[in-house]
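K.L.:
Number of protein chains: 2
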Amino acid sequence: MALMAQKDTAKSILDSAEELFSERGFAETSLRNITTRAGVNLAAVNYHFGSKKELIQAVFARFLTPFCDDLGKALRGYEHGLAGKSPELGALLRLLAETSMAAGGGNARRLGIFMRLLGLAYSQEQGHLRKFLRNQYGAVFERYMQLVTAASPELSDEERFWRIHFMLGATVFTLSGVESLTAMAQHDLGVSTGIDGVIDKLVPFLSSGFQAPHQD
Amino acid sequence: MALMAQKDTAKSILDSAEELFSERGFAETSLRNITTRAGVNLAAVNYHFGSKKELIQAVFARFLTPFCDDLGKALRGYEHGLAGKSPELGALLRLLAETSMAAGGGNARRLGIFMRLLGLAYSQEQGHLRKFLRNQYGAVFERYMQLVTAASPELSDEERFWRIHFMLGATVFTLSGVESLTAMAQHDLGVSTGIDGVIDKLVPFLSSGFQAPHQD
DNA sequence: GTTGGTTTTAAACATACGTTTAAAACAACA
DNA sequence: TGTTGTTTTAAACGTATGTTTAAAACCAAC
Chain Z
1 MALMAQKDTA
11 KSILDSAEEL
21 FSERGFAETS
31 LRNITTRAGV
41 NLAAVNYHFG
51 SKKELIQAVF
61 ARFLTPFCDD
71 LGKALRGYEH
81 GLAGKSPELG
91 ALLRLLAETS
101 MAAGGGNARR
111 LGIFMRLLGL
121 AYSQEQGHLR
131 KFLRNQYGAV
141 FERYMQLVTA
151 ASPELSDEER
161 FWRIHFMLGA
171 TVFTLSGVES
181 LTAMAQHDLG
191 VSTGIDGVID
201 KLVPFLSSGF
211 QAPHQD
Chain A
1001 MALMAQKDTA
1011 KSILDSAEEL
1021 FSERGFAETS
1031 LRNITTRAGV
1041 NLAAVNYHFG
1051 SKKELIQAVF
1061 ARFLTPFCDD
1071 LGKALRGYEH
1081 GLAGKSPELG
1091 ALLRLLAETS
1101 MAAGGGNARR
1111 LGIFMRLLGL
1121 AYSQEQGHLR
1131 KFLRNQYGAV
1141 FERYMQLVTA
1151 ASPELSDEER
1161 FWRIHFMLGA
1171 TVFTLSGVES
1181 LTAMAQHDLG
1191 VSTGIDGVID
1201 KLVPFLSSGF
1211 QAPHQD
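Just so you know, the sequences run in chain order Z and A.
Going by this note's numbering, 42 is the number at position 42 of the first sequence; the sequence numbering is gapless.
Counting from 1 along the second sequence, just add 1000 to a position and that's the residue number in this note's numbering.
Structure (structure tokens):
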């Protein structure tokens, strides 16, 4: 009996799938695209992952599982450090940004790729994915949202709901396209900003927007 | 010789394509899906539009052509009203919001649909679409951008570049999902906001974010 | 009613997809 | 070395797609 499974094949498939999905979407990426780039046999996907759907979920799981673990720990640490004081939005945003940057082993490019995947998960009709993500990772994000609520008692629930989604949109959209956007900035303005630089610019924008004066 | 072409078929196809594309994306929507819903023959798409690619472009053109015409006129009017004074960001945002709402004949649902299509155009690999949109409608948006620049002389080009994309992201993301988001708000909070209400909340958020204090 | 251009139709075409199969190659242990 | 379970492989399967074809239906003008 063989004990060691070679993870090379499965890992190559995940790597290729991650990139191709983020570049072209799920439906536009065929298993043949993926296996060709990975240099493995077509049937290997079904052997290792079962189906294309399960491969898609595995791509998300490989990123999100360590990320949500880290975020959970960071939240626990932050909550403990509060000692009764109420949380602050800027700190919560920076905490999220740092956890994101840390995930993927500090590989900035990979964060961009994953943000694009997240955007796709929202925009493409992949019912199974939405369900999978909610069931698997919903709890951590609810905890985060409770802290955001505590950090903004002056907002009505409705106002807060929308502003959170405004922030989410600005973040996902910008970081998804961070590669083409930085290229555009380089070409048009002659400046070059890395993804961490973009996040540095994003946080004040989000803070200001979220805490904007509002009329009701 | 027959003079009058019946536009019923082409219009039905555009209507169905618009909805289906926005729900499931381009690749996930087949011509058979479209023609079945439209109640026309499969071959009618190729007859009236040439190919699926050209149908996609036609869907965008039907919305964007009148929209950009309106926006061009509104910009001319606004520039004229300035009389030398420098433009103001809030006014520019409201102008854009009103033109958007007006397009599609005040049909709010259609604006949501179209925002989802715009998001897809950004996120899916549809090289022909990006080129088509830039060639066809790029000029108006460049004029708009020049006004935004004049309205924010305190920002560096780089800072402005990123903040514009933060605004774009918040807008596209939120308005794309406005149907499911309002449903979510209704379910979780018991409040019901129409798309114009969302835009009313969006504008102060964007203004505040765009004009946030920044360090360099 | 016949004509001539336009539009619609059903059927077929070629191609690409996800998945399955069964044989081959491989690796660890007896 | 032979055996056993795992992994890889090439080939095929069934299905769905976008597109093309050629005949039919249609409709206004003569």
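Just so you know, even glycine gets a beta-carbon here, dropped at the ideal spot from N, CA and C.
Are the C-beta of T1174 (chain A) and some C-beta of chain Z separated by less than 7 Å?
P.N.:
yes
K.L.:
May I have the straight-line CA-CA distance separating Y202 (chain Z) from L1055 (chain A), to the nearest angstrom?
P.N.:
Looking at the sequence provided, one finds Leu at residue 202 (chain Z) rather than Tyr. Near 37 Å, if we compare the C-alpha coordinates of L1055 (chain A) and L202 (chain Z).
K.L.:
Is there a C-beta anywhere in chain A that falls below 7 Å from the one on A2 (chain Z)?
P.N.:
Unreliable placement is indicated for A2 (chain Z), whose pLDDT of 35 sits below 50; no coordinate value is reported for it.
K.L.:
Along chain A, in chain order, which residues have C-beta atoms closer than 7 Å to that of F166 (chain Z)?
P.N.:
A1170, T1174, L1202 and F1205
K.L.:
With a threshold of 7 Å between beta carbons, is S51 (chain Z) in contact with chain A?
P.N.:
Not one beta carbon of chain A lies nearer than 7 Å to the beta carbon of S51 (chain Z).
K.L.:
Please report the straight-line C-alpha distance between S156 (chain Z) and R143 (chain Z), rounded to a whole angstrom.
P.N.:
So the alpha carbons of these two residues sit roughly 19 Å apart.
K.L.:
Any C-beta of chain Z within less than 8 Å: which residues of the stretch 1078-1092 of chain A qualify?
P.N.:
none
K.L.:
Compare the C-alpha of L64 (chain Z) against each of Z:K53, Z:A91 and Z:L133 and name the closest.
P.N.:
Selection Z:K53, Z:A91 and Z:L133 evaluated against L64 (chain Z) yields Z:L133 as nearest (Cα-Cα).
K.L.:
Please go through the same chain and pick out, in chain order, the residues whose beta-carbon is closer than 8 Å to the beta-carbon of L1020 (chain A), but skip the five residues on each side of it.
P.N.:
T1029, N1033, I1034 and R1037
K.L.:
Check whether the Cβ atoms of M1145 (chain A) and L1206 (chain A) lie closer than 7 Å to each other.
P.N.:
no
K.L.:
Going along chain A, which residues have a C-beta under 8 Å from P213 (chain Z)?
P.N.:
P1204 and S1208
K.L.:
Whole angstroms is fine: what's the gap from S941 (chain A)'s alpha carbon to L1147 (chain A)'s?
P.N.:
Here chain A has residues from 1001 to 1216 only, and residue 941 (chain A) is not among them.
K.L.:
Rounded to a whole number of angstroms, what is the C-alpha to C-alpha distance between F161 (chain Z) and T1182 (chain A)?
P.N.:
10 Å
K.L.:
Would L1093 (chain A) and G1104 (chain A) qualify as a contact pair, given that the criterion is a beta-carbon distance under 7 Å?
P.N.:
No, these two residues do not count as a Cβ contact at 7 Å.
K.L.:
Does R1163 (chain A) come within less than 7 Å of chain Z when only Cβ atoms are used?
P.N.:
At a cut-off of 7 Å between beta carbons, R1163 (chain A) contacts chain Z.
K.L.:
Looking at chain A, which residues of the stretch 21-52 of chain Z have a Cβ within less than 7 Å of any of its Cβ atoms?
P.N.:
E23, R24, G25, A27 and E28
K.L.:
Do H128 (chain Z) and K53 (chain Z) count as a contact pair if the criterion is CB distance below 7 Å?
P.N.:
yes
K.L.:
Strictly below 7 Å CB to CB, what residues from chain Z border A1017 (chain A)?
P.N.:
Within chain Z, no residue comes near A1017 (chain A); the closest Cβ sits about 15 Å away, beyond 7 Å.
K.L.:
Indicate whether A74 (chain Z) and L95 (chain Z) have their beta-carbon atoms separated by less than 7 Å.
P.N.:
yes
K.L.:
Which residues of chain A have a Cβ atom closer than 8 Å to the Cβ of V232 (chain Z), listed in chain order?
P.N.:
Because chain Z spans 1 through 216 in this model, residue 232 (chain Z) falls outside it and cannot be assessed.
K.L.:
By Cβ distance below 8 Å, which residues in the same chain neighbour G1194 (chain A) in space, the five residues on each side in sequence not counted?
P.N.:
So the list reads A1108 and T1182, once near-sequence residues are dropped.
K.L.:
Kindly say whether A185 (chain Z), judged by its beta-carbon, lies nearer than 7 Å to any beta-carbon of chain A.
P.N.:
yes
K.L.:
By the criterion of Cβ-Cβ separation under 8 Å, what are the contact partners of V1059 (chain A) in chain Z?
P.N.:
Going along chain Z, no residue has its Cβ under 8 Å from V1059 (chain A), so there is no contact; the nearest lies around 16 Å.
K.L.:
With 16 as the cutoff for other CB atoms within 10 Å, does Q1186 (chain A) come out buried or exposed?
P.N.:
The residue in question, Q1186 (chain A), is exposed, as its Cβ has fewer than 16 Cβ neighbours within 10 Å.
K.L.:
Would you kindly report the start and end of the unbroken alpha helix (DSSP H) that includes G119 (chain Z)?
P.N.:
Following the DSSP letters along the chain, one finds G119 (chain Z) inside the alpha helix (DSSP H) bounded by residues A108 to S123.
K.L.:
Tell me the rounded alpha-carbon separation between A1151 (chain A) and E1158 (chain A).
P.N.:
15 Å
K.L.:
Does DSSP put T1036 (chain A) in a helix, in a strand, or in coil?
P.N.:
helix
K.L.:
Listed from N- to C-terminal order along the chain, which residues in the stretch 140-159 of chain Z have their beta-carbon within a distance smaller than 7 Å of any beta-carbon of chain A?
P.N.:
Of all residues in the stretch 140-159 of chain Z, the ones placed with a Cβ closer than 7 Å to any Cβ belonging to chain A are D157, E158 and E159, in chain order.
K.L.:
Along chain Z, which residues have their Cβ under 7 Å away from the Cβ of L1189 (chain A)?
P.N.:
D157, E158 and F161
K.L.:
Using C-beta distances below 7 Å, list every residue in its chain close to Y137 (chain Z), excluding the 5 sequence neighbours before and after it, in chain order.
P.N.:
L64 and C68
K.L.:
Using the C-alpha atoms, what's the distance from G1169 (chain A) back to V40 (chain Z)?
P.N.:
Each residue's Cα considered, the two are about 37 Å apart.
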